[in-house]
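*Asks:* Sharing a structure with you now.
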Amino acid sequence: DQQVKQNSPSLSVQEGRISILNCDYTNSMFDYFLWYKKYPAEGPTFLISISSIKDKNEDGRFTVFLNKSAKHLSLHIVPSQPGDSAVYFCAASANNDMRFGAGTRLTVKP
Amino acid sequence: DTGVSQDPRHKITKRGQNVTFRCDPISEHNRLYWYRQTLGQGPEFLTYFQNEAQLEKSRLLSDRFSAERPKGSFSTLEIQRTEQGDSAMYLCASSESGTGVNYGYTFGSGTRLTVV
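Residue numbers (our numbering), protein chains in the order written: chain A, 94 to 203; chain B, 155 to 270.
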């Protein structure tokens with residue numbers, strides 16, 4: 094059962110523009126949401142998280158937005174840089190049970 | 155600390171053979187997780203340990219799979235009588251109690267298993 098869904102397998106943006114990666118979930122019991130970034134031949138690296146009691150968390154160029162009523166979260170990267178090119182996984186957690194989406198491959202073109 | 159280490163990085167085995175993977179977590183992390191990732195999918199939870207206690211196992215973990223963390227430090231994942239469907243990337247992650255969800259898990263680079 095796919096409780097966390099990333100419906101866009103890929104996204105391509107121009108350097109300097111905004112990248113918006115989307116994620117939907119079905120389980121209302123999730124209380125933390127996270128984004129991970131993965132380069133080839135490496136494990137996922139934690140990027141940013143948000144608690145279910147918040148609707149926004151910002152860390153430098155990265156901002157995560159949470160819309161609980163829509164069961165939707167998004168990651169904004171501004172400005173996008175070529176080094177941001179990677180696969181981004183959305184994850185959601187309840188009681189130490191963390192579920193991942195299938196990932197979105199972001200390509201930032203110079 | 156060099157992060158989470160996994161060994162081997164790659165393993166090719168014949169169907170029916172047994173394989174064992176090792177994970178060395180970050181030393182001060184008392185929680186250790188095993189995930190499996192297949193092509194085009196995100197990591198799928200297999201099992202997790204708090205210290206040496208295995209607290210949760212996924213339904214994905216059939217009776218051919220066994221994981222141990224005997225002294226609460228490194229962990230091993232064994233797959234007996236491997237099948238072609240076991241071919242995947244096996245990821246290990248670790249975290250401190252109570253902070254893993256807020257600050258994310260630290261993943262190793264994974265062991266890629268190919269069953270031929």
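For glycine and all other residues, C-beta sits at the position ideal for the given N, C-alpha and C. Since the model is a prediction, treat every value here as computed from it, not as a measurement.
#1: Within 10 angstroms of the Cβ of residue 134 of chain A, are there 16 or more other Cβ atoms? Answer buried if so, exposed if not.
#2: I'd like the span of the beta strand (DSSP E) that includes residue 131 of chain A, first residue to last.
#3: Per DSSP, what kind of secondary structure is residue 240 of chain B in: helix, strand or coil?
#4: Compare the C-beta of residue 208 of chain B against all C-beta atoms of chain A and say whether one is closer than 8 angstroms.
#5: Secondary structure at residue 177 of chain A, three-state DSSP: helix, strand or coil?
#6: Can you confirm whether residue 241 of chain B, when its beta carbon is compared against all beta carbons of chain A, has any partner nearer than 8 angstroms?
#7: To be precise: take each residue of the stretch 180 to 200 of chain B, compare its Cβ to all Cβ atoms of chain A, and keep it if any distance is under 9 angstroms. Which residues remain?
#8: Using 8 angstroms as the threshold, is the C-beta distance between residue 180 of chain B and residue 263 of chain B below it?
#9: Might you give, ordered along the chain, the residues of its own chain that have their beta carbon closer than 8 angstroms to the beta carbon of residue 167 of chain B, omitting 5 neighbours on each side?
#10: Pick helix, strand or coil for residue 259 of chain B, following the three-state DSSP scheme.
#11: Please report whether the beta-carbon of residue 226 of chain B lies at a distance below 8 angstroms from any beta-carbon of chain A.
#12: For a cutoff of 8 angstroms on Cβ pairs, would you count residue 244 of chain B as touching chain A?
#13: Does the beta-carbon of residue 243 of chain B have 16 or more other beta-carbons within 10 angstroms, so that it is buried, or is it exposed?
#14: On the three-state DSSP scale, how would you describe residue 210 of chain B?
#15: List the residues of chain A whose Cβ lies closer than 9 angstroms to the Cβ of residue 263 of chain B, in chain order.
*Replies:* So, from the listed chains and residues:
#1: Within a 10 Å sphere around the beta-carbon of residue 134 of chain A sit fewer than 16 other beta-carbons, which makes this residue exposed.
#2: 125 to 131 is the extent of the beta strand (DSSP E) around residue 131 of chain A.
#3: DSSP places residue 240 of chain B in the helix class (H, G or I) of the three-state scheme.
#4: For residue 208 of chain B, the answer is no, since every Cβ of chain A falls outside 8 angstroms of its Cβ.
#5: Reduced to three states, the DSSP call for residue 177 of chain A is helix.
#6: With respect to chain A, the C-beta atom of residue 241 of chain B has no partner C-beta closer than 8 angstroms.
#7: If the cut-off is 9 angstroms between Cβ atoms, the stretch 180 to 200 of chain B has 185, 187, 189, 191, 194, 195, 196, 197, 198 and 199 near chain A.
#8: Note that the C-beta distance between residue 180 of chain B and residue 263 of chain B is not below 8 angstroms.
#9: Taken in chain order, the residues that qualify are 173, 236, 267, 268, 269 and 270.
#10: Residue 259 of chain B: coil per DSSP, three-state reduction.
#11: At a cut-off of 8 angstroms between beta-carbon atoms, residue 226 of chain B makes no contact with chain A.
#12: For residue 244 of chain B, no Cβ of chain A is located within less than 8 angstroms of the residue's own Cβ.
#13: With at least 16 other beta carbons inside 10 angstroms of its own, residue 243 of chain B counts as buried.
#14: Strand at residue 210 of chain B.
#15: What residue 263 of chain B touches in chain A: 134, 135 and 136.
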